[in-house]
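Novice: Chains as they are written, first to last, in this note's numbering: chain A, 5 to 183; chain B, 23 to 672. Got a structure for you, questions after.
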């Protein structure tokens with residue numbers, strides 16, 4: 005009799021694993037979709053790009069040295085960016101650190117219009133028309149948001165629309181004290 | 023109003039499946055003839071109401087009824103009619119309705135074509151299917167209604183995921199689900215056998231055609247999926263060991279093992295417990311696939327929107343069915359011990375090895391599929407298990423299996439003697455290897471990878487060994503059963519498949535290049551010349567189109583067009599590859615990004631023998647079709663005396 009119970013026992017183990025996984029997903033402790041950026045803990049990629057406001061002017065990321073800052077990759081073509089925009093306005097105002105927008109593979113005129121209409125959360129917005137800088141940052145979809153520490157290392161990467169809850173949970177803890 | 027009718031139809035069907043289960047299972051237990059008769063009628067009623075719900079959803083898509091949330095999320099005014107219909111199963115809710123619809127179709131077919139079965143047995147089978155239907159209808163109605171309303175009603179929809187807008191993909195899910203869900207029939211037969219405590223040769227004869235039918239659908243469904251991935255994803259790969267692909271492949275391996283072990287159970291009354299267990303496994307793996315795809319525990323390109331709540335519901339179903347049936351198995355199996363034995367070299371022993379190897383492959387694939395989850399759950403790090411693992415754990419059991427199939431097909435039951443056959447088979451094997459080496463060096467000018475010649479040789483051996491018996495019988499003008507012919511065709515298909523895989527794996531050439539108009543690049547002796555680019559307009563997308571002329575030794579071969587499509591609503595870009603097909607190779611051109619200055623990135627590929635992969639799959643399916651139409655499965659026809667034991671029915 006006992007040996008005939010092996011299959012059911014084996015399956016119960018499997019079922020317990022699944023149940024545990026689901027419970028952890030529900031509690032927000034497990035996210036199978038989360039992909040840890042290889043950039044975490046490494047130096048943030050440097051870039052020099054024209055600004056959206058005035059394409060004749062170049063912005064150099066070296067000017068941010070010594071302070072924590074946020075990099076947000078967006079585009080007017082990206083619906084989730086529109087979704088996170090209002091949250092971004094609030095977060096950027098409260099955080100009090102530079103928010104650099106990288107306008108990814110976008111039309112500059114559209115980008116100016118977009119920021120004019122919806123409000124501009126960014127300290128500076130640069131145009132990455134060809135997407136070269138986004139490649140350096142390992143961006144695979146917009147929006148993506150990075151937090152870079154005062155030492156120039158990437159502390160957080162978040163893919164998807166930012167909300168105040170996400171900010172409070174993942175970003176804010178890194179800014180206490182030092183920020 | 024009409025969508026509410028859809029919900030209403032599903033609710034009626036839900037209640038009816040419960041009746042189907044209770045009347046069937048309890049009626050059989052109480053030997054109540056009226057209850058058991060009612061089960062059959064109710065099964066038809068369930069089908070009618072699920073069909074109604076399904077048609078209502080199809081109608082909503084055709085008429086752009088965006089007041090239904092599901093339609094608004096998965097359709098668009100500009101979406102062509104064909105894809106509006108395919109969009110019905112384009113996301114979670116609708117595909118679940120398709121699941122339920124196909125289950126009710128299988129149940130209807132079982133109720134129609136089971137007149138020859140004892141009443142009690144039929145009632146138990148339909149009752150079990152009713153229970154499965156009840157579970158999945160409840161899942162649909164309570165967590166995933168496709169008829170949920172949307173307010174305010176948008177004027178246009180969010181469009182179907184562009185990746186799904188393809189003819190092969192419109193047909194792939196229904197076919198795959200026919201296979202997936204079809205395993206529930208074998209499962210129901212197994213449960214009925216365990217409930218009655220009776221499992222004889224006629225049980226296997228009843229179960230076999232249904233199992234083969236489901237297996238055939240699964241085979242064709244997987245083949246279609248592989249073909250689609252090849253030309254639509256733009257990478258030119260035909261199998262990615264993605265968790266969702268694995269989810270369809272594991273039930274395939276289990277049902278392949280099952281159709282073989284059923285043969286032994288029918289002919290010799292052996293492997294009874296094992297056959298029951300395999301029937302449960304095949305269905306469990308199908309359910310597991312449903313769980314993995316819909317719960318969000320694994321990451322995959324195909325998975326539906328993750329929702330742990332739904333995941334818990336499916337997990338509950340999974341536990342109920344699998345734990346229930348395996349417990350029943352633990353209770354009944356000891357009394358269903360097989361009698362009789364067989365010699366170490368016999369058809370039985372070959373089929374036993376076949377089963378062991380197939381199940382080992384399925385188990386190792388399951389391990390690889392779930393391992394990232396185990397690591398993630400216990401915070402041991404994020405890993406992904408990729409092709410190197412899967413290729414190895416699949417090849418190791420499959421290589422000996424190819425040899426076993428070729429030899430085992432000609433074994434007789436109980437004790438096999440290879441007198442008069444051994445020499446021919448050895449000839450086939452040596453001939454196959456020689457031919458394989460000739461093809462490798464003669465056609466492709468190199469040894470390839472270490473397994474190339476073994477792959478080619480094994481493929482040729484298998485094809486020759488499969489054809490041997492049918493050709494011999496045809497020459498002698500002897501009749502042969504469809505089952506025997508089906509087995510030969512299916513095994514011939516494996517041969518084709520193995521040759522295709524060996525060819526592509528060993529000699530494919532892929533090159534990513536940057537080209538502008540006028541540039542040319544050469545691979546495998548073919549010159550690819552970039553002609554021009556222009557804009558193109560599709561019904562719901564804009565595209566950049568590139569034209570590439572291909573010549574071989576100065577002779578023009580063909581001109582290919584490849585597109586990069588930008589869908590209007592969902593802004594993702596899709597690559598539509600240009601492919602030139604010939605009997606011995608595919609030439610594949612996919613347009614990449616605009617690199618500026620008139621240059622484009624292009625992926626050029628030379629894929630020798632790649633068509634044989636899918637041709638092999640189609641052949642296997644065809645073999646299944648032949649086998650399932652064998653005369654002796656038909657109502658009123660008694661078992662044909664076992665005259666062709668040698669050709670047998672695998």
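Virtual Cβ for every residue (Gly too), placed ideally from N, Cα, C. Note that this is a predicted model, so its numbers are computed, not measured.
#1: Determine whether the beta carbon atoms of residue 570/B and residue 587/B lie at a separation below 8 angstroms.
#2: At what residues does the beta strand (DSSP E) containing residue 289/B begin and finish?
#3: Smallest Cα separation from residue 341/B: which of 8/A, 6/A, 7/A, 14/A?
#4: If distances are taken between C-alpha atoms only, which option among 443/B, 314/B, 92/B comes closest to residue 392/B?
#5: How about residue 124/B and residue 203/B: are their beta carbons less than 8 angstroms apart?
#6: Quick check on this structure: which residue in 35/A, 16/A, 7/A has the alpha carbon closest to the alpha carbon of residue 400/B?
#7: Jot down the residue ranges of each uninterrupted alpha helix (DSSP H) in the region 421-498 of chain B, minimum 4 residues, whole runs only, in chain order.
#8: Please determine, among 555/B, 159/B, 604/B, the residue with the shortest C-alpha to C-alpha distance to residue 579/B.
#9: Can you pull the chain A residues whose beta carbon is under 8 angstroms from the beta carbon of residue 313/B, in chain order?
#10: Quick one: Cα of residue 24/B to Cα of residue 92/B, how far?
#11: Whose Cβ in chain A lies nearer than 9 angstroms to the Cβ of residue 345/B?
#12: Reducing DSSP to helix, strand and coil, say where residue 672/B ends up.
#13: Buried or exposed for residue 332/B, going by 16 or more other Cβ atoms inside 10 Å?
#14: Going by beta-carbon coordinates alone, are residue 390/B and residue 407/B separated by less than 8 angstroms?
#15: How far does the beta strand (DSSP E) with residue 23/B in it extend, from its first residue to its last?
#16: When you compare only the Cα positions, how much space is there between residue 135/A and residue 583/B?
#17: Measuring straight from C-alpha to C-alpha, what distance separates residue 97/A and residue 104/B?
#18: In angstroms, rounded to a whole number, what distance separates the CA positions of residue 196/B and residue 120/B?
#19: Using only the alpha-carbon positions, how far apart do residue 176/B and residue 535/B sit?
#20: Give every residue of the same chain whose Cβ lies closer than 8 angstroms to the Cβ of residue 294/B, excluding the five residues on either side of it in the sequence, and list them in chain order.
#21: Taking the straight line between their C-alpha atoms, what separation do you get for residue 127/A and residue 381/B?
#22: Pull out every residue of the region 528-542 of chain B whose Cβ sits closer than 7 angstroms to any Cβ of chain A, in chain order.
#23: Since residue 29/A meets chain B, which of its residues come closer than 9 angstroms, beta carbon to beta carbon?
#24: Assuming residue 58/B contacts residue 142/B (C-beta within less than 8 angstroms), just tell me the rounded distance between them.
#25: With a CB to CB cut of under 8 angstroms and the five nearest residues on each side skipped, what residues in its chain are close to residue 182/A?
#26: Leaving aside the five residues before and after residue 181/B along the sequence, list all residues of the same chain whose C-beta is less than 6 angstroms from its C-beta, in chain order.
#27: Let me see if you follow: with CB-CB separation under 8 angstroms, is residue 356/B close to chain A or not?
#28: What ranges does the beta strand (DSSP E) occupy inside the region 80-130 of chain A, keeping only unbroken runs of at least 3 residues that lie completely in it?
#29: Would residue 398/B pass as an interface residue toward chain A - the criterion being a Cβ-Cβ separation below 8 angstroms?
#30: Assuming residue 284/B and residue 233/B are in contact, meaning their beta carbons sit under 8 angstroms apart, how far apart are those beta carbons, in whole angstroms?
#31: Under the three-state reduction of DSSP, which class applies to residue 416/B: helix, strand or coil?
#32: Cβ of residue 646/B within 8 angstroms of Cβ of residue 237/B?
#33: For residue 235/B, which of 226/B, 205/B, 364/B has the nearest alpha-carbon?
#34: Whose Cβ in chain A lies nearer than 8 angstroms to the Cβ of residue 352/B?
#35: What is the DSSP secondary structure of residue 135/A, reduced to helix, strand or coil?
#36: Taking residue 617/B as the reference, which of 334/B, 538/B, 454/B, 629/B has the closest Cα?
Specialist: The short version:
#1: The sequence position of residue 570/B within the second chain is 548, counting from 1. The sequence position of residue 587/B within the second chain is 565, counting from 1. Going by C-beta atoms, residue 570/B is not nearer than 8 angstroms to residue 587/B.
#2: Residue numbering aside, residue 289/B sits at position 267 when the second chain is read from its first letter. Annotation for residue 289/B: no beta strand (DSSP E) segment contains it, though the alpha helix (DSSP H) segment containing it runs 265-290.
#3: The sequence position of residue 341/B within the second chain is 319, counting from 1. Residue 341/B has its Cα closest to that of 14/A, out of 8/A, 6/A, 7/A, 14/A.
#4: Walking along the second chain from the start, residue 392/B turns up at place 370. When the alpha-carbon of residue 392/B is set against those of 443/B, 314/B, 92/B, the nearest one is in 314/B.
#5: Residue numbering aside, residue 124/B sits at position 102 when the second chain is read from its first letter. Residue numbering aside, residue 203/B sits at position 181 when the second chain is read from its first letter. Yes, these two residues count as a Cβ contact at 8 angstroms.
#6: Counted from its first residue, the second chain places residue 400/B at position 378. By alpha-carbon distance to residue 400/B, the top candidate from 35/A, 16/A, 7/A is 35/A.
#7: If we require 4 residues or more, the alpha helix (DSSP H) runs fully inside the region 421-498 of chain B come out as 444-460, 474-497.
#8: The residue given as residue 579/B occupies position 557 in the second chain. The shortest Cα separation from residue 579/B among 555/B, 159/B, 604/B belongs to 604/B.
#9: Walking along the second chain from the start, residue 313/B turns up at place 291. Against residue 313/B, the close residues of chain A are 22, in the order they occur along the chain (beta-carbon pairs closer than 8 angstroms).
#10: Counted from its first residue, the second chain places residue 24/B at position 2. Counted from its first residue, the second chain places residue 92/B at position 70. Distance between the alpha carbons of residue 24/B and residue 92/B is about 14 angstroms.
#11: As a working mapping, residue 345/B is identified with position 323 in the second chain. Against residue 345/B, the close residues of chain A are 12, 15, 16, 19, in the order they occur along the chain (beta-carbon pairs closer than 9 angstroms).
#12: Residue mapping note: residue 672/B aligns to position 650 of the second chain, counting from 1. Because the pLDDT of residue 672/B is 37, which lies under 50, any placement of that residue in the model is unreliable, and the number read from its coordinates should be weighed accordingly. Three-state DSSP puts residue 672/B in coil, outside helix and strand.
#13: Your numbering for residue 332/B matches position 310 in the second chain. Of the residues assessed, residue 332/B falls on the buried side of the cut-off, its CB having 16 or more other CB atoms within 10 angstroms.
#14: Indexing the second chain from 1 puts residue 390/B at position 368. Indexing the second chain from 1 puts residue 407/B at position 385. Cβ distance < 8 angstroms, so residue 390/B and residue 407/B count as in contact.
#15: The residue labelled residue 23/B in the question sits at position 1 within the second chain. That residue, residue 23/B, is in no beta strand (DSSP E); it is neither H nor E in DSSP.
#16: On the first chain, residue 135/A is found 131 positions in, with the first residue counted as 1. On the second chain, residue 583/B is found 561 positions in, with the first residue counted as 1. For residue 135/A and residue 583/B, the distance between alpha carbons rounds to 26 angstroms.
#17: Residue 97/A sits at position 93 when you count from the first residue of the first chain. Residue 104/B sits at position 82 when you count from the first residue of the second chain. Note on geometry: alpha-carbon atoms of residue 97/A and residue 104/B lie some 49 angstroms from one another.
#18: Stepping through the second chain from its first residue, residue 196/B is reached at position 174. Stepping through the second chain from its first residue, residue 120/B is reached at position 98. About 7 angstroms.
#19: The residue given as residue 176/B occupies position 154 in the second chain. The residue given as residue 535/B occupies position 513 in the second chain. If you take the alpha carbons of residue 176/B and residue 535/B, they lie about 44 angstroms apart.
#20: Counting from 1 along the second chain, the entry for residue 294/B is found at position 272. The answer, listed in chain order, is 221, 287, 358, 359, 360.
#21: Within the first chain, residue 127/A is the residue found at index 123, counting from 1. Within the second chain, residue 381/B is the residue found at index 359, counting from 1. Roughly 60 angstroms between the two C-alpha positions.
#22: Within the region 528-542 of chain B, no residue has a Cβ lying closer than 7 angstroms to any Cβ of chain A.
#23: Reading the first chain from its first residue, position 25 is the one you call residue 29/A. Neighbours of residue 29/A on chain B, chain order: 317, 318, 319, 328, 330, 333.
#24: Along the second chain, read from residue 1 onward, the residue named residue 58/B stands at position 36. Along the second chain, read from residue 1 onward, the residue named residue 142/B stands at position 120. Residue 142/B and residue 58/B do touch by the CB rule: their CB atoms are close to 7 angstroms apart, below 8 angstroms.
#25: Here the question's residue 182/A lines up with position 178 in the first chain. For residue 182/A, the pLDDT reaches just 44, beneath the cut-off of 50, and the residue's location in the model is therefore unreliable, although a value from the coordinates is still provided. Sequence-distant partners of residue 182/A (beyond 5 residues in either direction) whose C-beta falls short of 8 angstroms from its own C-beta, in its chain, are 72, 153, 154.
#26: Position 159 of the second chain holds residue 181/B. If the five residues before and after residue 181/B are omitted, its C-beta is found closer than 6 angstroms to the C-beta atoms of 98, 591, 592, all from its own chain and listed in chain order.
#27: Locating residue 356/B in the second chain gives position 334, where the first residue counts as 1. Taking Cβ atoms only, chain A reaches closer than 8 angstroms to residue 356/B, which makes this a yes.
#28: Correct list: 103-108.
#29: As a working note, residue 398/B is residue 376 in the second chain. Residue 398/B counts as touching chain A.
#30: The count along the second chain starts at 1 and reaches residue 284/B at position 262. The count along the second chain starts at 1 and reaches residue 233/B at position 211. At roughly 6 angstroms, the Cβ-Cβ gap stays under 8 angstroms, so residue 284/B and residue 233/B are in contact.
#31: Working through the second chain from its first residue, we reach residue 416/B at position 394. The three-state reading of DSSP puts residue 416/B in helix, counting H, G and I together.
#32: Locating residue 646/B in the second chain gives position 624, where the first residue counts as 1. Locating residue 237/B in the second chain gives position 215, where the first residue counts as 1. Yes, these two residues count as a Cβ contact at 8 angstroms.
#33: Position 213 of the second chain, counting from 1, holds the residue named residue 235/B. Taking only the C-alpha atoms, the option nearest residue 235/B is 205/B.
#34: Taking the first residue of the second chain as 1, we reach residue 352/B at position 330. Chain A residues near residue 352/B: 5, 8, 9, 11, 12.
#35: Along the first chain, one-based indexing puts residue 135/A at 131. Here residue 135/A sits in coil by DSSP.
#36: Here residue 617/B corresponds to residue number 595 of the second chain, with the count starting at 1. Selected option, being the one with the closest Cα: 538/B.
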